[in-house]
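> Letter by letter, the sequence shown follows residues 29 to 497 of this note's numbering.
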Amino acid sequence: MEWKILQNETQKLPADGNDYSVKATAKTCTSLNWFGILFCADSLHSPKSGYLFRLMDDGHTELLRFSDEPKNTTKLQTRIGETPIDGHSYQLRIEKSGSVYRGYIRDVTDEKLTDSQDTGEEPWPVFEFPLKAARGRLAAVVGDTVLDNSEHKTKTGLQIESCDSTNTTGCAIKTYQNPILAGYADPDVLYYQGTYYLYATSSTLKTGYEAYASKDLVNWEYAGVVMGEAWGMGQCYWAPDIMERNGKFYILASVNEHLGIATSDSPLGPFVPEPNYLFDKSIDGHFLIDDDGSVYIYYVSWREEKTYALYGMKMENDCVTPILSTETLLIEAKEEWECQKAPVAEAPYIIKHKGKYYLTYSGSHYESKGYAVGYATSDQPLGPYKKYEANPILSYHYLVHGPGHHCIVTSPDGRDLFILYHTHHDTKEVQPRSLCIDRMRFTSVSGKEDKLEVYGPTVTPQPYPLLRE
Numbered sequence: 029m030e031w032k033i034l035q036n037e038t039q040k041l042p043a044d045g046n047d048y049s050v051k052a053t054a055k056t057c058t059s060l061n062w063f064g065i066l067f068c069a070d071s072l073h074s075p076k077s078g079y080l081f082r083l084m085d086d087g088h089t090e091l092l093r094f095s096d097e098p099k100n101t102t103k104l105q106t107r108i109g110e111t112p113i114d115g116h117s118y119q120l121r122i123e124k125s126g127s128v129y130r131g132y133i134r135d136v137t138d139e140k141l142t143d144s145q146d147t148g149e150e151p152w153p154v155f156e157f158p159l160k161a162a163r164g165r166l167a168a169v170v171g172d173t174v175l176d177n178s179e180h181k182t183k184t185g186l187q188i189e190s191c192d193s194t195n196t197t198g199c200a201i202k203t204y205q206n207p208i209l210a211g212y213a214d215p216d217v218l219y220y221q222g223t224y225y226l227y228a229t230s231s232t233l234k235t236g237y238e239a240y241a242s243k244d245l246v247n248w249e250y251a252g253v254v255m256g257e258a259w260g261m262g263q264c265y266w267a268p269d270i271m272e273r274n275g276k277f278y279i280l281a282s283v284n285e286h287l288g289i290a291t292s293d294s295p296l297g298p299f300v301p302e303p304n305y306l307f308d309k310s311i312d313g314h315f316l317i318d319d320d321g322s323v324y325i326y327y328v329s330w331r332e333e334k335t336y337a338l339y340g341m342k343m344e345n346d347c348v349t350p351i352l353s354t355e356t357l358l359i360e361a362k363e364e365w366e367c368q369k370a371p372v373a374e375a376p377y378i379i380k381h382k383g384k385y386y387l388t389y390s391g392s393h394y395e396s397k398g399y400a401v402g403y404a405t406s407d408q409p410l411g412p413y414k415k416y417e418a419n420p421i422l423s424y425h426y427l428v429h430g431p432g433h434h435c436i437v438t439s440p441d442g443r444d445l446f447i448l449y450h451t452h453h454d455t456k457e458v459q460p461r462s463l464c465i466d467r468m469r470f471t472s473v474s475g476k477e478d479k480l481e482v483y484g485p486t487v488t489p490q491p492y493p494l495l496r497e
């Protein structure tokens, strides 16, 4: 791998143990395929120790690690982003706090604030995790070899500042760390009368569904089995989705590749299955209650003469009878991020924001490390839906594989969003999977609809979900 140094001076980072931030800015142009910050390097040209955080001309960011192993370069994370605007200036920033490193990117053209800062919110990092100590302290702004260095002499620069990461509030910040619950996958959460109820695919329960209860979204207390056998099927109980309407509770159940509904008068059951399931060859159901009280279901189906895809359908007022004439194909897996190991779009979850329907879903085979979460938007509950250009918004890195099949949880006051999702057991084994939770938000973008962002997947201590900063 080769590059050019985009500023003349060589700089050194503070000694080990000190916290610091590093900033670099470059103006995009047709001859610049990428630029980035080389840091903690033992050489500016052929490092055998160190890291490179770079922005590509297609909007992707990458974090690379250099070593003296036969495979010299390891990609720790790739994050898809919106395509940079030609002629705009972009700033990369790295912050070190203890052993944790965070990487940020923002458009600083004409010294304007980023879109997220326009709303009074700080930008979220594109990566945040611990990095192994490197042997070097050299840092530089570098770019690909296509670039004529003279073109950017006055447009790039490296700023290194020492930082104090000590908490100065005088109060200990309560934190949690992912994962929050082992042995489960495909979660859904219901908030009802001051308590959060969790339902998920179990790695140990063969038949039926279990529930957990929590007041804080982190500490979950086992609440027992809430549904037993349904439709004569003794195994493969997956991805329950829960809805409360007028004091009655509904589970949209995926049982041995059959989709059906069970009801109860309590969030803790017992849930009684309807006499007949809805469809065969269908899974991953999700309920939506629209603003006018209409109920819709979303699901994956590959029934006879059906394309394997995400579908939506309106329900009768009884919430259990489908209006078959409304069934609509919404999303097919066609993008690269949706086709790792197999072309899959599954696990739909709808959230409505400013009149827009945000259909979030998971792409790729769940056993792939590239299993991830993206979204599409529409003005109508049954589409048409347009996929977000910078999908996925939650994806793997070198410490977490397969983050996906999620639900979205709103704080009791409606001000904060959280995404609860599963990950692989570790980077070598898929099962048993574990549940994680991270922050989520809408960010305003000039001239466009609000975009949906995720702070994660995190592996470092995070403030408790229901604590406001």
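Cβ atoms here follow ideal geometry from the backbone N, Cα and C, with glycine treated the same way.
According to the neighbour-count rule (16 or more other Cβ atoms, all chains shown, within 10 Å of its Cβ), is K456 buried or exposed?
The residue given as residue 456 occupies position 428 in the sequence shown. Counting Cβ neighbours within 10 Å, K456 comes out exposed, since fewer than 16 surround it.
> Could you check if R93 is buried or exposed, using at least 16 other CB atoms within 10 Å of its CB as the buried criterion?
As a working mapping, residue 93 is identified with position 65 in the sequence shown. Burial call: buried.
> What are the start and end residues of each continuous alpha helix (DSSP H) run of 4 or more residues lying completely inside the region 304 to 338, in chain order?
Listed in chain order, there is nothing to give.
> Cα separation between Y237 and V254?
One-based indexing of the sequence shown puts residue 237 at position 209. One-based indexing of the sequence shown puts residue 254 at position 226. Y237 and V254: Cα-Cα distance of roughly 6 angstroms.
> Below 8 angstroms CB to CB, which residues in the same chain sit around V348 once its five sequence neighbours on both sides are set aside?
Here residue 348 corresponds to residue number 320 of the sequence shown, with the count starting at 1. Excluding sequence neighbours, V348 sits near Y278, I289, T291 and E302.
> So who's on the other strand from Y204, going by DSSP bridges?
Along the sequence shown, read from residue 1 onward, the residue named residue 204 stands at position 176. Answer by DSSP bridge pairing, in chain order: Q490.
> Return the Cβ separation of G115 and T56 in integer angstroms, given the expectation that the two are a contact with Cβ distance under 8 angstroms.
Residue 115 sits at position 87 when you count from the first residue of the sequence shown. Residue 56 sits at position 28 when you count from the first residue of the sequence shown. Rounded, the Cβ-Cβ distance is 7 angstroms, consistent with contact.
> Between the region 372 to 384 and the region 310 to 329, do three or more beta carbon pairs fall short of 8 angstroms?
Yes: at least three Cβ pairs fall under 8 angstroms.
> Give the secondary structure of T58 by DSSP, where H, G and I count as helix, E and B as strand, and everything else as coil.
As a first step, residue 58 is located in the sequence shown; it is residue number 30 there, counting from the start. Correct three-state label for T58: coil.
> Buried or exposed for G340, going by 16 or more other Cβ atoms inside 10 Å?
Here residue 340 is taken as the residue at index 312 of the sequence shown, counted from 1. Buried, by the Cβ-count rule.
> Return the first residue and the last residue of the beta strand (DSSP E) that I279 is part of.
To locate residue 279, count along the sequence shown from 1; it is residue 251. Residues K276 to V283.
> Can you grab the Cα-Cα spacing for the pair L316 / S322, in whole Å?
Locating residue 316 in the sequence shown gives position 288, counting from the first residue. Locating residue 322 in the sequence shown gives position 294, counting from the first residue. So the two alpha carbons sit approximately 8 angstroms from each other.
> Using three-state DSSP, classify T137 as helix, strand or coil.
Counted from its first residue, the sequence shown places residue 137 at position 109. Here T137 sits in helix by DSSP.
> Beta-carbon within less than 6 angstroms of K99's beta-carbon, same chain only, minus the 5 sequence neighbours each way: which residues are those?
As a first step, residue 99 must be located in the sequence shown, where it is residue number 71. Once the five neighbours on either side are set aside, K99 has no close Cβ partner at all.
> In or out: M29 buried (at least 16 other Cβ within 10 Å) or exposed?
Counting from 1 along the sequence shown, the entry for residue 29 is found at position 1. Exposed: under 16 other Cβ atoms inside 10 Å.
> Using a Cβ distance threshold of 8 angstroms, determine whether the region 208 to 228 contacts the region 67 to 85, with at least three qualifying pairs required.
Taking 8 angstroms as the limit for Cβ pairs, the verdict is that the region 67 to 85 does not touch the region 208 to 228.
> To the nearest angstrom, report how far apart H450 and Q35 are at their CA atoms.
The residue labelled residue 450 in the question sits at position 422 within the sequence shown. The residue labelled residue 35 in the question sits at position 7 within the sequence shown. Cα to Cα, H450 sits roughly 43 angstroms from Q35.
> Enumerate in chain order the residues of its own chain whose CB-to-CB distance from E366 is below 7 angstroms, with the five nearest sequence positions on each side excluded.
As a first step, residue 366 must be located in the sequence shown, where it is residue number 338. Hits under 7 angstroms: V372, A373, G391 and S392.
> Quick check on this structure: which residue in R163, L159 and R134 has the alpha carbon closest to the alpha carbon of W152?
By 1-based counting over the sequence shown, the position of residue 152 is 124. Nearest of R163, L159 and R134 to W152, Cα basis: R134.
> So for T471, helix, strand or coil by DSSP?
Stepping through the sequence shown from its first residue, residue 471 is reached at position 443. Correct three-state label for T471: strand.
> On the DSSP bridge list, what partners appear for E156?
The count along the sequence shown starts at 1 and reaches residue 156 at position 128. Per DSSP, R130.
> Rounded to the nearest angstrom, what separates L218 and A258 at their Cα positions?
Position 190 of the sequence shown holds residue 218. Position 230 of the sequence shown holds residue 258. Taking the straight line joining both Cα atoms gives about 22 angstroms.
> Look at the Cβ atom of K415, then the Cβ atom of S396, and state whether they are nearer than 8 angstroms.
Along the sequence shown, one-based indexing puts residue 415 at 387. Along the sequence shown, one-based indexing puts residue 396 at 368. Taking 8 angstroms as the Cβ cut-off, K415 and S396 do not qualify as a contacting pair.
> From this set, Y324, Y394 and Y386, which residue's C-alpha is nearest A404's C-alpha?
Position 376 of the sequence shown, counted from the first residue, corresponds to residue 404. Of the candidates Y324, Y394 and Y386, the one whose C-alpha sits nearest the C-alpha of A404 is Y386.
> Which residues share a DSSP beta bridge with F63?
As a first step, residue 63 must be located in the sequence shown, where it is residue number 35. In DSSP, F63 forms a bridge with L83 and G171.
> Tell me which same chain residues have a C-beta within less than 7 angstroms of the C-beta of S439, skipping the five on either side of it?
Within the sequence shown, residue 439 is the residue found at index 411, counting from 1. L494, listed in sequence order.
> Would you report the Cα separation of S49 and S190, rounded to the nearest angstrom?
Working through the sequence shown from its first residue, we reach residue 49 at position 21. Working through the sequence shown from its first residue, we reach residue 190 at position 162. Each residue's alpha carbon lies about 6 angstroms from the other.
> Exposed or buried, what is Q490 when buried is set at 16 or more other beta-carbons lying within 10 Å of its beta-carbon?
Reading the sequence shown from its first residue, position 462 is the one you call residue 490. Per the 10 Å Cβ criterion, buried.
> From the DSSP output, which residues share a beta bridge with I108?
Here residue 108 refers to the residue found at position 80 of the sequence shown. According to DSSP, which records beta bridges pairwise, I108 is partnered with nothing at all.
> Give the straight-line distance between the Cα atoms of T486 and Y132, rounded to the nearest whole angstrom.
Position 458 of the sequence shown, counting from 1, holds the residue named residue 486. Position 104 of the sequence shown, counting from 1, holds the residue named residue 132. Answer to the nearest angstrom: the Cα atoms are 15 angstroms apart.
> So A43 is in the beta strand (DSSP E); what residue range does that whole segment cover?
For the purposes of this step, residue 43 is identified with residue 15 of the sequence shown, where counting begins at 1. No beta strand (DSSP E) holds A43; DSSP gives it neither H nor E.
> So is L120 buried or exposed if we call it buried at 16+ other beta carbons inside 10 Å?
Start at 1 with the first residue of the sequence shown, and residue 120 comes out as number 92. With 16 or more other Cβ atoms within 10 Å, it is buried.
> Should V128 and F157 be called a contact, given that it needs their Cβ atoms to be closer than 8 angstroms?
Locating residue 128 in the sequence shown gives position 100, counting from the first residue. Locating residue 157 in the sequence shown gives position 129, counting from the first residue. Contact: yes.
> Under DSSP, the beta strand (DSSP E) around G432 begins and ends at which residues?
Start at 1 with the first residue of the sequence shown, and residue 432 comes out as number 404. Taken as a continuous stretch (DSSP letters only), the beta strand (DSSP E) holding G432 covers G432 to T438.
> Tell whether a beta-carbon distance below 8 angstroms holds between N61 and D216.
As a position in the sequence shown, residue 61 is number 33, starting the count at 1. As a position in the sequence shown, residue 216 is number 188, starting the count at 1. No, Cβ-Cβ distance for N61 and D216 is not below 8 angstroms.
> Please classify S353: does DSSP put it in a helix, a strand, or coil?
Numbered from its first residue, the sequence shown carries residue 353 at position 325. S353 falls in the helix class under three-state DSSP.
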